[in-house]
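For what it's worth, the numbering used here labels the leading residue of the sequence shown as 594, then goes sequentially.
C-beta atoms are modelled at their ideal positions from N, C-alpha and C, and glycine is treated no differently.
First up is the structure itself, then whatever we jot down about it.
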Amino acid sequence: MFKEILDKVTKEFSGINAKDVIGGIANYHRIQSSPGFRAAANFCQEKLNEYEIPFVEILTFPAKGHNRYWGNPVPKEWSIKSATLDLIGPKDSAKNLCRFFVNPCSVIQRSNSTPKDGITGEVVILPRGLEEEDMKKLELKGKFVLTDEPSLRKLRDLAIGKFGAVGIIYDLVSELKPYRTRANFPTAKRYTSFWYGTKGEEGDALGFVLSAEEGTWLRNLVKQTEMKNKKLKKEGKPLEKVEVTAKIDAEFYDGEMEVVEFFIPGVEEGQEVVAVAHLCHPKPGAVDNASGCGALIEVARTLNNLITSGQLQKPKRGIRFLLVAEFTGTFCYLATHEKKIDDFIAGINLDMVGSDQTFGGRTLIMERTHLSTPSYVNDVLSAMLTQASKEVSNFQGTGAFASFNYANDQLFSGGSDHVVFSSPDVGIGTPMFIQWPDRFYHTGEDSIEKVSPKMLQIVGSLAASYCYFLANAELPESLWIAQEVSKKGRGRLTNFGKDKGNAIITKIQSKINEKESAEQIAGDFLEKIDAMFELRRDSEIRGLESIKKLVEKKSDLEVLENLIAKEKEIITKHAHLELEQTKYTLKEIFASLKLKPKPAKAKEKDPLEEKATKLVPNKLFRGPSSSLIYSDLTYEEGKEGSDIGKKYPKMRPTLTSAMFWVDGKRTIAEIAELVEAEHGFVSIPYLVEMMQYYEKYGSFELKKKK
């Protein structure tokens, strides 16, 4: 149905040109609310005007730190001119450690300025994991702490705020095992930033970033100097210090944040397709995410050229593109364009899509929307990726396969702007393309040579075809989509039963010598499997229903509704058959293993479980519950939430899901049922405690069920 479009787009799209644009974007230091971000936005606007895209505009939003959109603050603008960290003692080890000019990731972003002559202080090692009582025992006043403590908020509030340290020297490596560890990734400097809320705390800290190799060297120097000083002290000689001088020329001020908006109009006004990529991140940030932005600019050029040359007809619907500051810019745009939200019939998010798979970008992933927001868009994009993967024929020409690594139709994970668009109270079906894991992600080594024109060609051609196909979709396309959604949905139900069955068999085999435990596992699974199938069946049916927005003509809608009704019936029967077959087969396997499934022993009911039946959580802000909302929390306040999490190990994914099921109508207990059907496990007390925590800090309200 779309192959002719894909062929024309693939021929016109240039991965080389996209990489050239990406290289231009990567020249700018693109911290949210900064002159560098603005310069990158202006560069993108100039390119789009050069390509004669019909509508290009830069929208501006106040960046004052205290202003919010859907509850999320916009960071106060921050400008940095220079930053250096010099080791000045011991004299025989003196050297430069960090220069912003050489590597922008060598400074902690949003650091405060120093006096013109800088700040000089001794370096002390601050082990990770220390709390206030531990830090009291250390002499931190006037010193620089060398640390890999994950919580910058802890360092700001305690090491600097309470105990008087003057700065941070940071050598944390965010490990992505086995691709990135401290041992095998020694030279990269991690992208590290202070994040401030609405309380005017900007500039309460400063810091620098070392690579693992540099951090280890400096730690050894501190330890060697300590050992040497013990000897010097015995000999009555002057002691040595590991000292640094830090100089930063930076400032915070009320400024602006930009969103680059460009548009290819359709024949009709009203409905549109929206494509988004985030423009922010430190220089170079080539893959993350200059690649997504460069790809979308080339998508716009490609479609505009094909339309103006007559190779593609002008689409029925418009196609709107947004280059944003990740999350923040999306909140800004949607909060100020709420009347447009219902016009968007589909979206797509491109994040980290141009990585050379021989360097660091492992797999191209097509990520679906969450089960709470099922949409036809997932199967359209999935079908296109399947087609694109048939690029190389086998020896006999009887089949074809991909020369690139990809994972199609993957479950929702989050972490980028599609989370906002696909939030149930926003409701724009928005799948994502991303390459993950990426070895160079969030480091100063995310440079232009890691970008692959081939991967840009693949992803960009797919994104352009997706946008155009849906912008032009009418009854014939809608009927094809309905068939695609139904068939793939049935496949997902079949695979779900198979995968869950295999997983429970494996789990039981690991407990085969503990008969009672194995029987309880079997019984617990058989109790839960009905609800798990029901959730997925209903999700597939809602995905079918979502196709109706593509058809407006009454007679066409009747035709589509008739087909959808038949497909819904087929899915319902298929789900029932798969469920019964799964249960029957498993019961036979359990019997062959001499196991009699029985439910787990009843536990004493937690008072919080009773509370869950009476409390209805409701978000105070539209969109997903973003961490930005909580940026005002002190370390101790944030620790309250993390301490709750420690009480309930491995439950974090269930909280993310629960946030999507909150609708102001369901009780926590009802939300927990959906979460358990999604994941197979849940802790109601955990959800209650976290909802109470969110209410305490002003993003949720808990009402008593009427």
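Only residues of its own chain outside the window of five on either side were considered, and among them Leu1128, Ser1132 and Glu1271 have a CB closer than 7 Å to the CB of Leu964, listed in chain order. A direct Cα-Cα distance of roughly 19 Å separates Thr677 from Asp685.
When DSSP states are grouped into helix, strand and coil, His874 belongs to the strand group. DSSP, read as helix, strand or coil, puts Leu733 in coil. The beta carbons of Ala879 and Val700 sit no closer together than 8 Å.
Annotated three-state conformation of Trp671 is strand, per DSSP.
In the DSSP annotation of this structure, the continuous segment of the beta strand (DSSP E) that includes Gln1003 starts and ends at Tyr999 to Gln1003.
Taken atom to atom, the span from the alpha-carbon of Glu862 to that of Asn635 is near 27 Å. The shortest CA-to-CA distance from Asp741 to any of Lys729, Lys824 and Arg783 is the one to Arg783. Leaving aside the five residues that flank Gln638 on each side, the residues in its chain whose CB is nearer than 7 Å to its CB run, in chain order, Val649, Ile651 and Val853. Setting aside the 5 residues that flank it on each side, Leu680 is surrounded in the same chain by Ser686, Ala687, Lys688, Leu690 and Val837, each with a C-beta closer than 7 Å to its C-beta; the list follows chain order. Within the model, the alpha-carbon separation for Gln1174 versus Asn1088 is close to 12 Å.
When rounded, the separation of the alpha-carbon atoms in Val1152 and Lys1142 is 14 Å.
Rounded to whole angstroms, the separation of the alpha carbons of Val1255 and Ser1292 is 12 Å. The bridge partners DSSP lists for Trp1029 are Thr956.
Taking C-beta separations shorter than 8 Å and ignoring five residues to either side along the sequence, the partners of Leu733 in its chain run Val717, Leu719, Ala752, Phe756, Gly757 and Ala758, following chain order. Sorting Asn665, Val695 and Val667 by C-alpha distance to the C-alpha of Lys674 places Val695 at the top. The C-beta distance from Tyr772 to Arg1032 rounds to 5 Å, short enough to fall under 8 Å. Counting C-beta pairs closer than 8 Å gives three or more between the segment 951 to 959 and the segment 996 to 1007, which meets the contact rule. About 22 Å separates the beta carbons of Lys1081 and Ser1250, which is beyond the 8 Å limit, so they are not a contact pair. Counted as a single uninterrupted DSSP element, the stretch harbouring Glu861 is not any beta strand (DSSP E), since DSSP gives it neither H nor E.
In the structure shown, the three-state DSSP call for Phe845 is strand. Asn942: member of the beta strand (DSSP E) spanning Phe937 to Asp944, first to last residue. Only buried fits Arg1083, as 16 or more other CB atoms lie within 10 angstroms of its CB. In the three-state reduction of the DSSP assignment, Ile761 falls in the strand class. Going by beta carbons, Glu1294 and Leu1201 fall outside the 8 Å limit.
Note on the segment 759 to 837: whole beta strand (DSSP E) runs with a minimum of 3 residues are 760 to 763 and 800 to 802, in chain order.
Taking 3 residues as the minimum length, the segment 1098 to 1164 contains no beta strand (DSSP E) run wholly inside it. Of the other Cβ atoms in all chains shown, 16 or more fall within 10 Å of the Cβ of Val1144; this residue is therefore buried. In the pairwise beta carbon analysis, the segment 820 to 832 is classified as not touching the segment 779 to 799: fewer than three pairs are separated by under 8 Å. Around the beta carbon of Ala805, 16 or more other beta carbons lie within 10 angstroms, which makes this residue buried. Residue pairing of Thr1036 in beta bridges, as defined by DSSP: Arg783. Residue Ala1115 holds the alpha-carbon nearest to the alpha-carbon of Lys1187 among Leu899, Glu645 and Ala1115. Across the set Ile1098, Ala883, Lys1191 and Lys1100, the C-alpha of Ala883 shows the shortest separation from the C-alpha of Asp613. Three or more Cβ pairs closer than 8 Å define a contact, and the segment 903 to 914 meets that threshold against the segment 1042 to 1061. Contact check for Leu1226 against Tyr1290 passes: the beta carbons are separated by less than 8 Å.
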